[in-house]
Amino acid sequence: MYQVDDCVVFGTTGVCLISEIIHEDFGDAEKRAYYVLTPVNGKGPTIYVPTDNCAGKFRRLMSLEDALALLNQLPDLVCNWPADDTERRELFSNLLQSGEPLNVARVVGMLTLHQEQLAEDSKRLSAQDSDLLKTAEQTLYPELAYVLGTDEEQAAKMVLERIQGISVS
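For reference, each letter of the sequence shown is one residue, going 141 to 309 in the working numbering.
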């Protein structure tokens, strides 16, 4: 069970604080206990999640140790580019839906490297791949930034430096 003041990651909303636990009926016959989630970035509405039905809806924030390990593992997370569009989109969608930071980082890494390879030939990512990259970045960077005590821009820079193996300016 989660407690008040725990930080969690809720879907694409990102990092949220459990600001309180309330008992409400919200139009139901009887009152239920709800976690009240407040996005830490101040963007988005307050979210109410039943305490008895929260499995898979949010997860604990990664620890500082996990964040540092993720950054160190980034070069090893990138695997071969799936040439088949349908197979690739299914793979990336499944990795993103898992919500696991390592899986999301794998998507960021693979799409970023592919984007760079395409740029060498004056080409761009497909619209679908570009959307997947944006979703992955919007999922990964806020959590990393929060855990590392920095901003999203700096978190993105740390990720890109490790993916590319070079300094990003």
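Beta carbons are placed, not taken as given, at the ideal position from N, Cα and C, and that holds for glycine.
task = Consult DSSP for Thr178 and reduce its assignment to one of helix, strand or coil.
result = As a first step, residue 178 must be located in the sequence shown, where it is residue number 38. Of the three classes helix, strand and coil, the one that applies to Thr178 here is strand, per DSSP.
task = Assign Thr226 to one of two classes, buried (16 or more other C-beta atoms within 10 Å of its C-beta) or exposed (fewer than that).
result = Translated into the one-based positions of the sequence shown, residue 226 becomes position 86. Exposed: under 16 other Cβ atoms inside 10 Å.
message = So, with DSSP's three-state summary, where would you put Phe166?
response = Position 26 of the sequence shown, counted from the start, is the residue given in the question as residue 166. Three-state result, Phe166: coil.
task = Report the residue from Pro185, Ala207, Arg264 whose alpha carbon sits nearest the alpha carbon of Val244.
result = In the sequence shown, counting from the first residue as 1, residue 244 sits at position 104. Minimum Cα distance to Val244 is reached at Ala207.
request  = Starting from the C-beta of Pro241, find all residues in its chain whose C-beta is less than 6 Å away, skip the five residues before and the five after it, and write them out in chain order.
outcome  = To locate residue 241, count along the sequence shown from 1; it is residue 101. Cβ neighbours of Pro241 beyond the five flanking positions: Met202, Leu210.
task = Tell me whether Ser266 sits in a helix, a strand or coil according to DSSP, three-state version.
result = Within the sequence shown, the letter at position 126 stands for residue 266. Reduced to three states, the DSSP call for Ser266 is coil.
query = Terminal residues of the continuous alpha helix (DSSP H) containing Val247?
reply = The count along the sequence shown starts at 1 and reaches residue 247 at position 107. 241-260 is the span of the alpha helix (DSSP H), which, as asked, contains Val247.
query = Which of the three DSSP states, helix, strand or coil, is assigned to Ile306?
reply = Here residue 306 refers to the residue found at position 166 of the sequence shown. Its pLDDT being 44, under 50, Ile306 is placed unreliably by the model, and nothing is read from it.
message = Output needed for Asn212: all residues of its chain with C-beta closer than 8 Å, excluding positions within five of it in sequence on either side, in chain order.
response = Here residue 212 is taken as the residue at index 72 of the sequence shown, counted from 1. Same-chain partners within the cutoff: Arg302.
query = Tell me the DSSP bridge mates of Ala173?
reply = Start at 1 with the first residue of the sequence shown, and residue 173 comes out as number 33. Paired residue(s): His163.
ask   = Taking Gly182 as the reference, which of Val248, Leu157, Arg246 has the closest Cα?
value = Position 42 of the sequence shown, counted from the first residue, corresponds to residue 182. Considering only alpha carbons, the answer is Leu157.
inquiry  = Here's the rule I'm using: 16 or more other beta-carbon atoms within 10 Å means buried, otherwise exposed. How should Phe232 be labelled?
reply    = One-based indexing of the sequence shown puts residue 232 at position 92. Phe232 should be labelled buried.
message = If you follow the alpha helix (DSSP H) that Pro215 is in, where does it begin and where does it stop?
response = The residue labelled residue 215 in the question sits at position 75 within the sequence shown. Run containing Pro215: 204-217, per the alpha helix (DSSP H) assignment.
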